[in-house]
């Protein structure tokens, strides 16, 4: 009988393996050892030591989990607090090995970005952080598959949590195709549950408001659902047919109440999802297609309904802010207030122009574009004043990038447009599916195309209709170039 000797995990080659004449493979997928005396430490503060979360976890896994709690989570929730990221995922990591390995994989990619000074990128198998992250990713999928065969009633929560983490992992490495696949899988889990709960929820598909009333839905699952709804809104940016979830806006727009900045953001997500879906569904109609999803009469009615909910949300948010003492809000919450106001203005503009074919109409929204730019400038200044010019951030929520990009596309007032572009250049971060650097490149190309007429005439003039690039033009060009973009964000799918 051969006695099994456990590897002692010494970097390079462990003593226990080599002393018995065996090859030590432990170091193949280990994280690189950080040299002592570095001129600049990887992390601004040391990660607090934690008790082992999972029995048998390696030293690298334990260190990455500490990084996740101390650095990755605060980075991901830099715009809004999140019960899922700040509480639930940590609790589930103790109980579910699959969740544990997903967050270890995320933090390994995060640390690689800190080491290189660049945001996480596509997997490079010569990179030890990437190999380690991929190994953890594979472990998580294997463990999840085993758990899905059980009859545990909490397995749905596990599936949703892992699905959310898988989406974030793929967004971290800019693999939007795989992110969309995981999003589809999560949507099937939610859709199955909603359809099997129709007796509790009524005949209509449930919004998050109605879902909250179903007794079979736990608080944890409700929180996970809200995060999933937000990620689903990003699916329009994956170059795919999204958002996937068909979310009715609620039951009574006259009784909208907002209790916190986070509540305002969560109530805006279903409206955001509906606006993006509506705008995309209108594209065939504006191109003159007869076999589209709706006719003009239906589209106008749906636009009015969504607009009613948007106005109700704005009124409820204004009422909430009137009762607030600004000095009692944290700096993060104050930034969140400005993010909400900026997104409300941008979304209302996107909705109001969804059925318009002439690009000249946007010249009448200069005030809105200037408001967006002014708010974004204050948000960025506040963020840098608190955190400094930190390395690239990967946030889970939409912040300033979508709204600034919209101004770059649609505002033809030269000074305002250039200011929005300059602010985008100051923000080389990621917000979900939005990459600030990619958006800057797209915006420059778009502006250069429209500015050609000014270059010919040698002076600033109003850009004529024929020289403006419209939404329909972008849809057609984006469809042609979809393969070249690797399913990444394209102009056609960005609000």
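Residue numbers (our numbering): 51 to 545.
Ideal placement from N, C-alpha and C gives every residue a C-beta, glycine not left out.
N- and C-terminal bounds of the alpha helix (DSSP H) containing residue 131: One-based indexing of the chain shown puts residue 131 at position 81. Per DSSP, residue 131 belongs to no alpha helix (DSSP H) and is neither H nor E.
Going by other Cβ atoms of all chains shown within 10 Å of its Cβ, with 16 needed for buried, is residue 483 buried or exposed? Position 433 of the chain shown, counted from the start, is the residue given in the question as residue 483. Buried.
For residue 423, which of 402, 459, 438 has the nearest alpha-carbon? The residue labelled residue 423 in the question sits at position 373 within the chain shown. For residue 423, the nearest C-alpha among the options comes from 459.
With a CB to CB cut of under 7 Å and the five nearest residues on each side skipped, what residues in its chain are close to residue 381? Indexing the chain shown from 1 puts residue 381 at position 331. Correct list, in chain order: 432, 436.
Measure the beta-carbon distance from residue 173 to residue 156 and round it to whole angstroms, keeping in mind my assumption that it falls under 8 Å. On the chain shown, position 123 is the one that residue 173 refers to. On the chain shown, position 106 is the one that residue 156 refers to. About 13 Å separates the two Cβ atoms, so there is no contact after all.
Own chain residues within Cβ distance below 6 Å of residue 158, not counting five before or after: Position 108 of the chain shown, counted from the first residue, corresponds to residue 158. Excluding residues within five positions, the ones whose Cβ falls inside 6 Å are 114, 179, 182, 183.
According to DSSP, simplified to helix, strand and coil, what is residue 385? For the purposes of this step, residue 385 is taken as residue 335 along the chain shown, with counting starting at 1. Of the three classes helix, strand and coil, the one that applies to residue 385 here is helix, per DSSP.
I need the straight-line Cα distance from residue 295 to residue 503, nearest angstrom please. Residue 295 sits at position 245 when you count from the first residue of the chain shown. Residue 503 sits at position 453 when you count from the first residue of the chain shown. Roughly 42 Å separates the two Cα atoms.
State the Cα-Cα distance for the pair residue 257 and residue 191, rounded to the nearest angstrom. Walking along the chain shown from the start, residue 257 turns up at place 207. Walking along the chain shown from the start, residue 191 turns up at place 141. Low per-residue confidence applies at residue 257: pLDDT is 39, beneath 50, and the placement is therefore not dependable enough to give any value.
Could you compute how far the alpha carbon of residue 465 sits from the alpha carbon of residue 427? Within the chain shown, the letter at position 415 stands for residue 465. Within the chain shown, the letter at position 377 stands for residue 427. Rounded to whole angstroms, residue 465 to residue 427 spans 14 Å at the Cα level.
From the DSSP output, in three-state form, read off residue 165 for me. Along the chain shown, read from residue 1 onward, the residue named residue 165 stands at position 115. Correct three-state label for residue 165: helix.
Just to confirm the assignment, what range does the alpha helix (DSSP H) spanning residue 118 have? The residue you call residue 118 lines up with position 68 of the chain shown. Per DSSP, residue 118 belongs to no alpha helix (DSSP H) and is neither H nor E.
According to DSSP, is residue 485 part of a helix, a strand, or is it coil? What you label residue 485 is simply residue 435 of the chain shown in a count that begins at 1. Three-state DSSP puts residue 485 in a strand.
Sort 209, 318, 176, 117 by Cα distance to residue 148 and report the nearest one. Counting from 1 along the chain shown, the entry for residue 148 is found at position 98. If we check each option's Cα against that of residue 148, 209 comes out closest.
Under the DSSP definition of a beta bridge, which residues are partnered with residue 480? For the purposes of this step, residue 480 is taken as the residue at position 430 of the chain shown. Residue 480 pairs with 444, 485.
Mapping the DSSP letters down to three states, classify residue 51 as helix, strand or coil. What you label residue 51 is simply residue 1 of the chain shown in a count that begins at 1. For residue 51, the predicted model reports a pLDDT of 47, less than 50, meaning its position is unreliable and no value from the coordinates is stated.
Please classify residue 177: does DSSP put it in a helix, a strand, or coil? In the chain shown, the residue the question calls residue 177 occupies position 127. In the structure shown, residue 177 sits in coil (DSSP, three-state: anything other than H, G, I, E or B).
For the alpha helix (DSSP H) holding residue 311, just list the boundary residues, first then last. Within the chain shown, the letter at position 261 stands for residue 311. Element bounds for residue 311: 311-336.
Host alpha helix (DSSP H) of residue 415 (start-end): Working through the chain shown from its first residue, we reach residue 415 at position 365. Unbroken run through residue 415: none, as it is neither H nor E.
Which of the three DSSP states, helix, strand or coil, is assigned to residue 87? Taking the first residue of the chain shown as position 1, residue 87 is located at position 37. Confidence in residue 87 is poor, its pLDDT being 46 and thus under 50, which makes the residue's placement too unreliable to answer from.
Residue 402 - DSSP class collapsed to helix/strand/coil: Here the question's residue 402 lines up with position 352 in the chain shown. Here residue 402 sits in helix by DSSP.
Got a sec? Which residues, its chain only, sit under 8 Å from residue 443 by beta carbon, not counting five neighbours each side? Taking the chain shown and counting its residues from 1, the one referred to as residue 443 is at position 393. Within the same chain, residue 443 has close Cβ partners 125, 128, 479, 480.
Where residue 414 falls, given that 16 or more other Cβ within 10 Å makes a residue buried: Here residue 414 refers to the residue found at position 364 when the chain shown is read from its first residue. Residue 414 comes out exposed.
Buried/exposed call for residue 285, threshold 16 Cβ in 10 Å: As a first step, residue 285 must be located in the chain shown, where it is residue number 235. So residue 285 ends up on the buried side.
What residue from 221, 195, 360 has the CA that sits closest to residue 394's CA? Taking the first residue of the chain shown as 1, we reach residue 394 at position 344. Nearest C-alpha to residue 394: 360.
First and last residue of the uninterrupted alpha helix (DSSP H) at residue 357: In the chain shown, the residue the question calls residue 357 occupies position 307. Taken as a continuous stretch (DSSP letters only), the alpha helix (DSSP H) holding residue 357 covers 346-372.
Check the C-beta distance from residue 211 over to residue 315 and give it rounded, since I have them as a contact under 8 Å. Mapped onto the chain shown, residue 211 falls at position 161. Mapped onto the chain shown, residue 315 falls at position 265. Their Cβ separation, rounded to whole angstroms, is 20 Å, which puts residue 211 and residue 315 out of contact at 8 Å.
With DSSP run on the structure shown, which of helix, strand or coil describes residue 501? Here residue 501 corresponds to residue number 451 of the chain shown, with the count starting at 1. Of the three classes helix, strand and coil, the one that applies to residue 501 here is helix, per DSSP.
What does a CB cutoff of less than 7 Å around residue 589 pick up in its chain, not counting 5 residues either side in sequence? Since the first residue of the chain shown is 51 and the last is 545, residue 589 is not available in this structure.
For residue 150, does the count of other Cβ atoms within 10 angstroms reach 16, so buried, or fall short, so exposed? As a working note, residue 150 is residue 100 in the chain shown. Residue 150 is buried by the Cβ-count criterion.
Report yes if the C-beta distance between residue 430 and residue 388 is below 8 Å; otherwise report no. Residue numbering aside, residue 430 sits at position 380 when the chain shown is read from its first letter. Residue numbering aside, residue 388 sits at position 338 when the chain shown is read from its first letter. Contact: no.
Spatial neighbours of residue 134 within its chain, please: CB distance less than 7 Å, with the 5 preceding and 5 following residues excluded, ordered by chain position. Position 84 of the chain shown, counted from the start, is the residue given in the question as residue 134. 273, 274, 277.
Give me the Cα-Cα distance between residue 311 and residue 176, rounded to the nearest whole angstrom. In the chain shown, the residue the question calls residue 311 occupies position 261. In the chain shown, the residue the question calls residue 176 occupies position 126. Those two C-alpha atoms are separated by around 43 Å.
Going by C-alpha to C-alpha distance, which of 400, 475, 476 sits closest to residue 456? In the chain shown, the residue the question calls residue 456 occupies position 406. That would be 400, whose Cα lies nearest to the Cα of residue 456.
Rounded to whole angstroms, how far is the Cβ of residue 328 from the Cβ of residue 350, which I believe are closer than 8 Å? Taking the first residue of the chain shown as 1, we reach residue 328 at position 278. Taking the first residue of the chain shown as 1, we reach residue 350 at position 300. Not quite, the Cβ-Cβ distance comes to about 11 Å (not below 8 Å), so this is no contact.
Nearest-angstrom Cα separation, counted from residue 163 out to residue 117: Position 67 of the chain shown holds residue 117. Position 113 of the chain shown holds residue 163. Their Cα atoms are separated by approximately 13 Å.
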